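Residue numbers (our numbering): 137 to 435.
Printed below as a string of structure tokens:
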């Protein structure tokens with residue numbers, strides 16, 4: 137039985153706050169193109185993030201660091217055309233907001249104006265808290281991100297769980313609360329112990345979306361290509377596969393290639409026809425035509 141909603145009102149910031157107040161879990165996924173946005177729309181998710189993870193899943197970079205602002209704007213624009221209901225959040229890439237508040241505001245504005253996003257997302261606490269506050273003051277909603285922040289994974293010791301000591305746990309908590317105080321409407325907790333999440337949640341008044349942060353958050357997010365088994369790269373411990381589409385894609389393309397090589401494709405159902413009288417006229421024209429040189433055409 138399908139669980140897809142027939143009609144839904146657009147998800148807004150106030151709707152997300154209401155969901156938190158009512159204890160209704162928030163479902164969030166990433167998307168990077170028009171078809172995946174359509175899938176997210178039909179599946180009835182609440183929030184779609186055009187994540188910088190697209191650097192790896194669809195652009196083939198080895199990490200999220202190399203992806204450019206222009207590349208993410210292009211991906212976000214495509215996703216926007218496939219969405220009407222979920223809240224659309226654009227991930228600001230590494231190097232697009234760290235230099236100054238002015239840089240952060242200008243680039244955040246591009247996500248709203250050029251790509252049609254409803255909000256932007258920044259990673260980390262520290263100076264990012266100041267940047268988040270500046271963007272919010274400029275009238276643009278901001279989602280924060282604490283714990284494992286892939287843009288600075290090297291400085292954090294690699295792609296590994298964060299906040300596993302009391303000291304680091306306090307840092308993650310202070311970052312999350314700082315982002316709330318800066319005006320963020322929500323914050324992502326990535327790869328932190330479930331026990332730490334449980335300690336932070338009573339102290340946070342905005343929605344927290346978890347990815348490898350346990351069940352205590354207000355919602356969960358997974359990468360589209362991870363949950364569907366499209367991406368062949370390393371899958372983190374927190375990833376749950378809900379399908380294995382990559383294997384199906386390989387099988388489908390391999391079957392097509394085999395049919396081409398054995399001339400099973402195309403079959404009559406896959407070809408266009410010509411009226412018998414038109415075919416007869418064409419044969420007559422060709423029979424009367426005597427080419428004199430390569431490249432001659434019918435006159």
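All residues carry an ideal CB built from backbone N, CA and C; glycine is no exception. Since the structure is predicted, the reported quantities are computational estimates derived from the model, not experimental observations.
Check	Outcome
Three-state secondary structure (DSSP) of residue 413	helix
Span of the alpha helix (DSSP H) around residue 249	237-249
Burial state of residue 285, where buried means 16 or more other Cβ atoms lie within 10 Å	buried
Cross-strand partners of residue 255 (DSSP beta bridge)	225
The region 244-257 in contact with the region 197-204 per 3-pair CB rule at 8 Å	no
Nearest to residue 330 (by Cα), restricted to the options 299, 341, 264	299
CA-to-CA distance, residue 306 to residue 351, given in whole angstroms	20 Å
Enclosing alpha helix (DSSP H) for residue 370 [first to last residue]	Segment: none, residue 370 is in no alpha helix (DSSP H) and carries neither H nor E.
Helix, strand or coil at residue 342 according to DSSP, with G and I counted as helix	coil
C-beta atoms of residue 164 and residue 357 nearer than 7 Å	yes
C-alpha distance - residue 237 paired with residue 267, whole-angstrom precision	5 Å
Bridge-paired residues (DSSP) for residue 281	324
Contact check, residue 172 vs residue 360, beta carbons under 7 Å	yes
Option nearest residue 214 by Cα separation, candidates 250, 182, 191, 196	250
Beta-carbon spacing of residue 149, residue 338 below 7 Å	no
Any 3 or more C-beta pairs closer than 8 Å across the region 214-223 and the region 175-191	yes
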